[in-house]
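Heads up, the thing below is written out as structure tokens.
There are 2 protein chains.
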Amino acid sequence: MVSPDNILEAQARIAPHLRRTPLLESSLLNSWLGHDVVFKVESFQRTGAFKARGALNALLLAKANGKAVDRVVTVSSGNHGQAVAWAARLLQLQVTVFTPADISAVKRQAMEGYGAKVTATETRAEAEAAIDAMKGSGAHLVHPYDDDDVIAGQGTACLEALQDNARPTAIFGPCGGGGLLSGTILAAETQTSRIPVFGAEPTLGNDAVRSYRSKTIVRLTDSPPTIADGARTLAVSARTLQHLLRLQNFYEVTEEEICYWAQWLPTLLKVAVEPTSAVAMGGALEWLKTQHTRQRVLVILSGGNIDRITHQKIWKEDFLRDVPGSKMRHSGASHVE
Amino acid sequence: MVSPDNILEAQARIAPHLRRTPLLESSLLNSWLGHDVVFKVESFQRTGAFKARGALNALLLAKANGKAVDRVVTVSSGNHGQAVAWAARLLQLQVTVFTPADISAVKRQAMEGYGAKVTATETRAEAEAAIDAMKGSGAHLVHPYDDDDVIAGQGTACLEALQDNARPTAIFGPCGGGGLLSGTILAAETQTSRIPVFGAEPTLGNDAVRSYRSKTIVRLTDSPPTIADGARTLAVSARTLQHLLRLQNFYEVTEEEICYWAQWLPTLLKVAVEPTSAVAMGGALEWLKTQHTRQRVLVILSGGNIDRITHQKIWKEDFLRDVPGSKMRHSGASHVE
């Protein structure tokens, strides 16, 4: 089982090839909230999302362990596919990415730009059968989250933030399959003092929250229609659930809250923030509303890859009329001004 | 008349209060274009735009020269108003910003957040009469561009880029009233080698291009309906025109080209890029199409303040289907692959 030491080892392995992404704060947001929020901006990571960390760690380790990884395969509609394509090119490996048929042109172009063969399949079952066939003939699968090496790589985002003196009293991350949160929990455990880690997931696809509460995997039958495309995963795995059970708490975030922060965060930070990242900020706000002393939270912004349809959905309603401060003031008796 | 030395002096004066904004490049864009484009990202400047530079320089100089500037006044619907409000608060001065009646809530909130009194007027004439009255009673006007100290401040963006080793073979900036371009031309003239500076303006509001060609001020009667709100100025001034006449060339950019780059630049750079900044990239592309040897252009991204209606307009059509490289290949006989 992956340990906090594995996060430190992953960092040493992958850092030479990756960007050390910045920590950003908005003084306006901090003054409005009465708390400090420090953002780890993975939008500036290679391929535009944290996923490059886990994919690269997994492929470097497989190579170092002498596995035959001249051909790599994965399934992804988004950031993980781009990450595996990028990491494979770096290591001069051939890669095939299976994607849904409705993948956006810009995502396909990005994967192909990294030299990947992109194969669209009509159903998930079709993709899984094709991957099984490729694995049978020796291809190496990089799973998006059910993989200790991927988890260790994802944890390096939080580790960097802690090393760069983020000094949080709490840490928030979004949840798809649970890889980022699992790694984040382990990264927090590298520190001498205990820092609670919280998860956040769209209410529309709350399988991980329900799995956390029931301590058993809850599986969705269909891809949930949340705008947070990184959180549409049908289920966590046994591997990630065992980590997720150590979360301090796990918040559900509505589509309106996701769009609210998907408008406000780029407006305040001037950085591209994808809806999945906005989920984490929605969770952080829920927790901050209940806090009576000034807190300093680390929010991991998972990435900045946003297609046109998602931009249109984000900007449909006007949430900029309602400043974040007012959300604190309206939050009821638990909040002290 | 303002000189290259004034840009260096302005930098020494204002730098302690401002951010040294980053230079960013997209390796994907460079490979697609066959040229290098380095972006000076003023989206990360205080107040989200380069305007903080000129406003602060003007107020610091007025104060240093012993002028009574305890009350400051300006007229702006956008970035200049926020910049003056921010600079005035820094210097503990009272400020009134006159704005159009249809100013967006988020811009008004930002100005008020900096402590400005925001007064909406129905017509430009009404605003000008109110400003004259305030000037009569001793208030200090910070003009958005017809002011040597403002011009000197705006030039520090380009100066920083040159000091930070941008090493451009050409420099591109957008044009509203001509303050940024005037300062940019002067900043380029601080260098020992001559670097040509090019301007770019929306075709829909091409008063400055026409003024440049006819060497006399052309004035629009109505605010042009371009999406590039920083370029809706009705006319340049005699002061800025004398600088603009030293531009190497001045490009007109269509609304479609502006939206094209307003989609692609944030997609590639993961940074908020307002349409006025996209105008400069549109101009740069027109020039690059005519170049037969690899060039390295500096594009000044003026800011990242984008309201909801503008986001909706930007993302209406799908320009991400058409990668920038294809625009070079379709550009006709003048381009060498």
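As they're listed, the protein sequences go chains Y and W.
The first sequence begins at 1 in this note's numbering and counts up by one.
The second sequence begins at 1 in this note's numbering and counts up by one.
We put the beta carbon where it would ideally sit given N, CA and C, even for glycine.
Quick caveat, the model's predicted, so the values are computed rather than measured.
Got a sec? Which residues, its chain only, sit under 7 Å from residue 81/W by beta carbon, not counting five neighbours each side? Contacts found: 74, 97, 99, 111.
> Can you find a C-beta in chain Y that's less than 8 Å from the C-beta of residue 16/W?
Replying inline: It does not: the Cβ of residue 16/W has no partner Cβ on chain Y nearer than 8 Å.
Tell me, which residues are paired with residue 94/W by DSSP?
-> Its beta-bridge partners are 71/W.
>> Less than 8 Å between CB atoms is the rule here; does residue 267/W satisfy it with respect to chain Y?
In response: So, interface residue.
C-beta contact flag for residue 154/Y and residue 50/Y at 8 Å:
For residue 154/Y and residue 50/Y, yes; Cβs fall inside 8 Å.
Looking only at its chain, what residues have a beta carbon closer than 6 Å to the beta carbon of residue 331/W, apart from the 5 residues adjacent to it on each side?
For residue 331/W, the pLDDT reaches just 44, beneath the cut-off of 50, and the residue's location in the model is therefore unreliable, although a value from the coordinates is still provided. In the same chain as residue 331/W, and ignoring 5 residues on each side of it, the C-beta atoms closer than 6 Å to its own belong to 289, in chain order.
request  = Take residue 115/W and list the residues in its own chain whose beta-carbon comes closer than 6 Å to its own, dropping the five residues that flank it on each side.
outcome  = The answer, listed in chain order, is 89.
*asked:* By the DSSP assignment, the beta strand (DSSP E) with residue 20/Y in it spans what residues?
replied: Neither: residue 20/Y is in no beta strand (DSSP E) and is coded neither H nor E.
Min CB distance residue 214/W to chain Y below 8 Å:
No, its Cβ sits nowhere closer than 8 Å to a Cβ of chain Y.
Take residue 206/W as the anchor and find which of 107/W, 252/W, 41/W, 138/W has the nearest alpha-carbon. For residue 206/W, the closest C-alpha among the options 107/W, 252/W, 41/W, 138/W is that of 252/W.
* **Endpoints, alpha helix (DSSP H) assigned at residue 180/Y** => In the DSSP annotation of this structure, the continuous segment of the alpha helix (DSSP H) that includes residue 180/Y starts and ends at 179-188.
message: With a threshold of 8 Å between beta-carbons, can residue 292/W be considered close to chain Y, or not?
response: Residue-level contact check: residue 292/W does not touch chain Y, since none of the beta carbons of chain Y fall below 8 Å from its beta carbon.
First and last residue of the alpha helix (DSSP H) that includes residue 102/W? Run containing residue 102/W: none; DSSP gives neither H nor E here.
Problem - residue 172/W versus 285/W, 266/W, 23/W, 77/W, residue with shortest Cα-Cα distance - result: Of the candidates 285/W, 266/W, 23/W, 77/W, the one whose C-alpha sits nearest the C-alpha of residue 172/W is 285/W.
**Prompt:** What's the gap between the Cα of residue 22/W and the Cα of residue 44/W?
**Reply:** Each residue's alpha carbon lies about 8 Å from the other.
**Prompt:** For residue 317/W, which of helix, strand or coil comes out of DSSP?
**Reply:** Coil.
Apart from the five residues on each side of it in sequence, which residues of its chain come closer than 8 Å, Cβ to Cβ, to residue 314/Y?
Contacts found: 227, 259, 262, 263, 275, 306.
- request: Please name the residue in 187/W, 151/W, 242/W, 158/W whose C-alpha comes closest to that of residue 38/W.
  value: Taking the Cα of residue 38/W as reference, the smallest distance to any Cα among 187/W, 151/W, 242/W, 158/W is reached at 158/W.
Three or more C-beta pairs closer than 8 Å, one from the stretch 50-70 of chain W and one from the stretch 135-151 of chain W: is that the case here?
Flag = yes, the stretch 50-70 of chain W and the stretch 135-151 of chain W touch.
Residue 178/W and residue 240/W closer than 8 Å at C-beta: In this structure, residue 178/W sits near residue 240/W, with a CB-CB distance shorter than 8 Å.
- Query: DSSP state of residue 140/W, grouped into three classes?
  - Reply: Strand, per DSSP.
List, from N- to C-terminal side, the beta strand (DSSP E) runs of 3 residues or more that fit wholly inside the stretch 189-239 of chain W. Fully enclosed beta strand (DSSP E) runs of no fewer than 3 residues occupy 197-202 of the stretch 189-239 of chain W, in order along the chain.
Practice item. Kindly provide the ranges of any beta strand (DSSP E) runs that are 3 or more residues long and lie completely inside the stretch 267-318 of chain Y, ordered along the chain. Key: Taking only runs of at least 3 residues, the beta strand (DSSP E) segments lying wholly in the stretch 267-318 of chain Y are 296-301.
From the beta carbon of residue 28/W, is the nearest beta carbon of chain Y less than 8 Å away?
-> Residue contact with chain Y for residue 28/W: present (Cβ-Cβ distance below 8 Å to some residue of chain Y).
Notebook entry, point to check: By how many angstroms is the C-alpha of residue 133/W removed from the C-alpha of residue 265/W?
Noted result: Distance between the alpha carbons of residue 265/W and residue 133/W: 43 Å.
**Report entry** Bridge partner(s) assigned by DSSP for residue 253/Y
**Finding:** Answer by DSSP bridge pairing, in chain order: 202/Y.
**Asked** Measuring CB to CB, does residue 2/W end up less than 8 Å from residue 186/W?
**Response** Yes, the pair counts as a contact, with Cβ atoms nearer than the cut-off.
* Taking the alpha carbon of residue 34/W as the point to measure from, which residue in 273/W, 292/W, 322/W, 196/W has its own alpha carbon closest? -> Each of 273/W, 292/W, 322/W, 196/W was checked against the Cα of residue 34/W, and the nearest Cα belongs to 292/W.
query = Quick one: which chain Y residues come within Cβ less than 9 Å of residue 272/W?
reply = Under the 9 Å cutoff, chain Y gives 266, 267, 269, 270, 271, 272.
**Prompt:** Does the Cβ of residue 11/Y have 16 or more other Cβ atoms within 10 Å, making it buried, or fewer, making it exposed?
**Reply:** Within 10 angstroms of the beta-carbon of residue 11/Y lie 16 or more other beta-carbons, which makes it buried.
Using 8 Å as the threshold, is the C-beta distance between residue 271/W and residue 200/W below it? No, these two residues do not count as a Cβ contact at 8 Å.
### Message
residue 323/W and residue 32/W - do their beta-carbons sit closer together than 8 Å?
### Response
Yes, the Cβ-Cβ distance between residue 32/W and residue 323/W is below 8 Å.
Checklist entry - Looking at the structure shown, is residue 324/W part of a helix, part of a strand, or coil, going by DSSP? => result Three-state DSSP puts residue 324/W in a helix.
**Prompt:** Is it buried or exposed for residue 230/Y, if we count other Cβ within 10 angstroms and need 16 for buried?
**Reply:** Result: buried.
Apply the 10 Å Cβ neighbour rule to residue 244/W and answer buried if 16 or more other Cβ atoms are within range, or exposed otherwise. Residue 244/W is buried by the Cβ-count criterion.
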